[in-house]
């Protein structure tokens with residue numbers, strides 16, 4: 377029974393089920409995922425406040441059955457019911473999963489959380505946020521798994537939107553010191569002990585750099601294709617393609633050109649300014665920023681060279697870092713095969 381006869385109490389029971397997700401028993405968490413899915417599909421409860429992110433946590437659960445249930449329900453019936461679910465919540469999820477409370481998007485999400493009294497957010501923080509040095513890699517791996525899960529179920533058009541939002545809402549906020557809040561402050565500190573807010577902002581920026589360099593965020597990629605060069609994947613001999621494949625390939629090429637246009641108009645100006653800020657303040661984030669610059673140069677070499685034509689010093693730095701980055705990447709790939 378899904379409380380069908382008690383509509384006035386469905387929201388309360390639904391959020392109590394959501395809270396039960398973090399219990400130690402895997403069986404309890406499995407039942408919580410199934411119960412929440414049923415309530416959401418039947419419109420007894422809505423995706424208000426932080427409910428989506430609490431559900432998303434289950435997709436990286438240590439228990440394989442919980443993970444499988446959460447992924448199947450989110451990417452299956454729940455996504456079919458709300459096709460823009462991942463698109464509308466993706467950037468917000470980076471802030472929520474890192475508990476970046478100072479960002480306006482996080483504050484807006486919590487303001488709409490009408491049933492926050494049924495949930496102890498310290499429980500979610502204990503699952504996702506590192507409590508010591510040894511926990512950093514574990515919590516980061518869980519966040520990356522959730523990001524990749526959502527990106528795998530996005531169209532190329534949605535990936536373009538996500539790229540633009542990451543540039544504007546995360547990197548752009550970090551560049552604007554006054555508006556950026558914790559994101560702006562963490563870019564302008566030179567090290568030392570960081571506050572909880574600064575630690576959250578640092579993780580948000582690191583996650584953003586990771587996502588912008590992730591192959592899963594590239595447009596024009598075919599499902600299951602893991603090649604280095606996406607252009608080569610789209611340039612297959614038309615005589616070997618049927619009409620539908622030709623349409624898909626043409627669409628991929630068009631979106632790839634749009635992606636390059638977005639890069640030049642939106643990303644590169646922000647990236648230049650961000651690098652300048654990080655260098656001036658000797659920020660530890662400069663390493664991640666330069667790795668992103670190197671990856672961007674490797675993928676969009678003509679566009680970057682044209683954009684930096686009037687700044688030969690920065691262009692030389694980027695070319696040098698890109699060369700070293702590719703060498704390290706190949707070394708790591710050979711080591712992983714050994």
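Residue numbers (the working numbering): 377 to 714.
All C-beta atoms, glycine included, are put in the ideal place defined by N, C-alpha and C.
In this text the structure is predicted, and so the values were computed from the model without any measurement.
| Check | Outcome |
| --- | --- |
| Contacts around residue 522, its chain only, beta-carbon distance under 8 Å, and the 5 residues preceding and following it disregarded | 432, 433, 435, 436, 469, 473 |
| Reduced DSSP category for residue 537 - H, G, I as helix; E, B as strand; rest coil | helix |
| Cβ neighbour criterion (16 or more within 10 Å) applied to residue 698 | buried |
| For residue 564, the three-state DSSP class (helix, strand or coil) | coil |
| Whole runs of the alpha helix (DSSP H) within the stretch 431-463, excluding any shorter than 4 residues | 440-449 |
| Short Cβ contact (8 Å threshold) for residue 546 with residue 559 | yes |
| Separation of residue 483 from residue 446, as counted between CA atoms | 26 Å |
| Among 686, 707, 675, nearest to residue 633 - alpha-carbon criterion | 675 |
| Closest residue to residue 667 among 694, 573, 467 (Cα-Cα distance) | 694 |
| Rounded C-alpha distance that separates residue 416 from residue 459 | 14 Å |
| DSSP-derived helix/strand/coil call for residue 688 | helix |
| Limits of the alpha helix (DSSP H) - the one that residue 551 falls within | 548-551 |
| Residue environment, residue 487, which counts as buried when at least 16 other CB atoms sit within 10 Å | exposed |
| Between the CA atoms of residue 590 and residue 710 - distance to the nearest angstrom | 19 Å |
| Residue 687, buried or exposed, once every other Cβ within 10 Å from all chains shown has been counted against 16 | exposed |
| Residue 403 versus residue 411: straight-line alpha-carbon distance, rounded | 12 Å |
| 7 Å Cβ shell around residue 426 - same chain, five flanking residues per side excluded | 472, 485, 486, 489 |
| Three-state secondary structure (DSSP) of residue 719 | Because the chain spans 377 through 714 in this model, residue 719 falls outside it and cannot be assessed. |
| Whole-angstrom C-beta distance between residue 651 and residue 665, which should lie under 8 Å | 6 Å |
| For residue 542 and residue 588, the rounded distance between their alpha carbons | 8 Å |
| Sequence-distant residues of its chain with Cβ nearer than 7 Å to residue 326 (five each side left out) | With the chain represented from 377 up to 714, any question about residue 326 goes unanswered, as that position is not in the structure. |
| Residue-level contact to chain B via CB, residue 440, 8 Å cutoff | Within the model displayed, chain B is absent; a lone protein chain is all it includes. |
| Reduced DSSP category for residue 591 - H, G, I as helix; E, B as strand; rest coil | helix |
| Reduced DSSP secondary structure (H/G/I, E/B, other) of residue 419 | coil |
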